Structure formats: C-alpha cells, structure tokens
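Read the sequence shown against numbering that gives the first Met the number 0 and you will find it ends at 88, with the numbers running on by one and no gaps.
Read the structure below first, then the notes.
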Amino acid sequence: MKIQIVSPEKDAVFQTVLRSVLLAIHELQIDATVDEITKLEEVTGFPVTTYPAVYIDSKLQCEGHSLTLTDAKHFIRKALQMKNGDQNE
Numbered sequence: 000m001k002i003q004i005v006s007p008e009k010d011a012v013f014q015t016v017l018r019s020v021l022l023a024i025h026e027l028q029i030d031a032t033v034d035e036i037t038k039l040e041e042v043t044g045f046p047v048t049t050y051p052a053v054y055i056d057s058k059l060q061c062e063g064h065s066l067t068l069t070d071a072k073h074f075i076r077k078a079l080q081m082k083n084g085d086q087n088e
C-alpha cells in the first residue's frame with residue numbers, strides 16, 4: 000500500500016495527518032509506505048484544491064482537513080477492502 004500526503008506546507012495540520020496515518024499503519028499492522036509530497040512542482044500535479052490531501056494507492060481519500068487516528072484507520076481499511084475486492088473479481 001502506498002500512502003501519499005500532499006501539501007505545499009508542513010504545517011500543524013500536515014503533521015497531525017502524518018502522525019495519524021503512521022500510527023494507523025502501526026496499529027493495523029499493514030505494510031505501507033508513506034510519501035510526503037511537499038515540493039510545489041509535485042503538489043501541483045495532484046488535482047486537489049485544499050490541503051493536506053491523502054491518497055492511498057493513487058486514489059484520493061480526503062482533502063482539506065485534519066485526520067484523527069480513527070479517520071486514518073477508516074480510510075486505510077476502506078482502501079484495503081477495495082483492493083481485496085478487486086483481487087477477488
């Protein structure tokens with residue numbers, strides 16, 4: 000699983016999202032990489048209007064607000080279910 004956190008700034012909201020995602024990965028015991036996309040030339044390549052944005056396996060999960068640990072777990076579980084559903088077809 001590849002998780003990208005996209006934001007032109009590493010502000011407090013970005014840091015909260017990053018911590019929540021990392022803790023969710025740890026608690027769910029999944030194999031995932033987390034990329035921090037903060038360079039403006041890279042950030043502009045993502046079609047979002049508010050930051051931070053969280054992508055899981057190239058799919059936008061949320062944008063423009065902070066994530067709690069519960070939120071992060073929800074989005075990761077949802078992505079895992081979609082991935083497993085795709086493999087079962």
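Cβ coordinates follow ideal geometry from the N, Cα and C atoms, glycine included.
Because the structure is a prediction, the values reported are computed rather than measured.
Beta-bridge partners of residue i, as assigned by DSSP
{"i": "Ala23", "result": "Paired residue(s): none; Ala23 is not in a bridge."}
{"i": "Ile55", "result": "Ile2 and Lys58"}
Residue i versus residue j: straight-line alpha-carbon distance, rounded
{"i": "Pro7", "j": "Thr43", "result": "9 angstroms"}
{"i": "Leu17", "j": "Leu39", "result": "18 angstroms"}
{"i": "Gln80", "j": "Met0", "result": "12 angstroms"}
{"i": "Gly63", "j": "Lys77", "result": "19 angstroms"}
The beta strand (DSSP E) enclosing residue i, as first and last residue numbers
{"i": "Leu59", "result": "Lys58 to Glu62"}
{"i": "Glu35", "result": "Thr32 to Ile36"}
Residue span of the alpha helix (DSSP H) that contains residue i, given as start and end
{"i": "Val42", "result": "Leu39 to Val42"}
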